[in-house]
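Data first, discussion second: the structure below is written as structure tokens.
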Amino acid sequence: MEPDHVIRGPVPSYDELAALPIQELIARYALGVERIDKRVFELDDELLDTAFLESAGVGKWPVRVLIGHLAECEILNAYRLRRIAAEEGPVFEGFDPEPYIDNGLYKVQPVGGTGDSARAACGAFVATIHTIRAWTHGWLLTVDDATWERKALHTVRGEFTFRRMLGLATWHIEYHAAFLPKKVDLLLGQK
């Protein structure tokens, strides 16, 4: 049986992750979708779209929105890494997820179907994360030593090296995916 890589406890900061030896950081980044609680695929559309009260302590977003946000940021973070490697001192704007949610960007019509399907959306989001992580992981294994210290400026978070940006990308999925087991437990009445 394969080990379970779902995060159920505290997540290290992105700076702590960036301080890992490079090969360990790359390996941790490569886990990607393995951080997502597989029980989300047992949920129907209604459960996937159930929002949470702040008092639940699991974050307010429905499972579909959380996984859609992860896919959105996977695209963004892979692009940022590539820009740091290719450009001199790129500048990155901050990212506000709320307009993406408010404007329905996480709705997906199933192939050959009609209407919106949360299950189809979550499948597409996880496939996106998997594909981008696999592509980026293969590339990261070829990055030369000098690239790891190349710099960019984030307008909200300050200066980032390539290595620190990989720490952020790794942390991002771990941080948000850590809410999924808690959300699923509540949705399935297990806690």
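Read in our numbering, the sequence shown has 277 at position 139, and its numbers run on one by one without any break. Note that beta-carbon positions come from the ideal geometry of N, C-alpha and C, so glycine has one too.
Item                                                                                                                                                                      : Value
Going straight from the alpha carbon of Glu184 to that of Phe233, what length do you get?                                                                                 : 28 Å
May I ask you to report which of helix, strand or coil DSSP gives Lys176?                                                                                                 : helix
Does the pairing of the region 255 to 262 with the region 147 to 154 give three or more beta-carbon distances under 8 Å?                                                  : no
Please name the residue in Gly276, Glu287, Glu212 whose C-alpha comes closest to that of Ile164.                                                                          : Gly276
With a Cβ-Cβ cutoff of 7 Å, do Arg173 and His207 count as a contact?                                                                                                      : no
I want to know whether the region 274 to 288 touches the region 217 to 234 - three or more CB-CB distances under 8 Å.                                                     : yes
Measuring only the C-alpha atoms, how far is Arg218 from Phe230?                                                                                                          : 8 Å
Three-state secondary structure (DSSP) at Gly296?                                                                                                                         : strand
Please state the DSSP three-state secondary structure of Phe233.                                                                                                          : coil
Counting pairs of beta carbons, one from the region 235 to 242 and one from the region 182 to 197, are three or more of them closer than 8 Å?                             : no
Measuring alpha carbon to alpha carbon, tell me which residue in Lys321, Thr299, Gly305 is nearest Ala168.                                                                : Gly305
Could you check what DSSP says for Leu306 in three-state terms: helix, strand or coil?                                                                                    : helix
Expressed to the nearest angstrom, what Euclidean distance is found between the alpha-carbon atoms of Gln328 and Lys320?                                                  : 9 Å
Can you list, in chain order, the residues of its chain with a C-beta nearer than 7 Å to that of Ala259? Leave out the 5 residues immediately preceding and following it. : Arg202, Gly206, Tyr244, Lys245, Val246
Taking the alpha-carbon of Glu287 as reference, which of Trp273, Arg295, Arg302 has the nearest alpha-carbon?                                                             : Arg302
DSSP puts Ala290 in a beta bridge; with which residues?                                                                                                                   : Phe298
Quick check: the Cα distance between Lys198 and Lys176, rounded to an integer number of angstroms?                                                                        : 20 Å
Taking the alpha carbon of Glu154 as the reference point, which residue from Tyr313, Phe317, Leu325 has its own alpha carbon closest?                                     : Tyr313
What does the Cβ neighbour count give for Ile213, buried or exposed, with the cut at 16 atoms within 10 Å?                                                                : exposed
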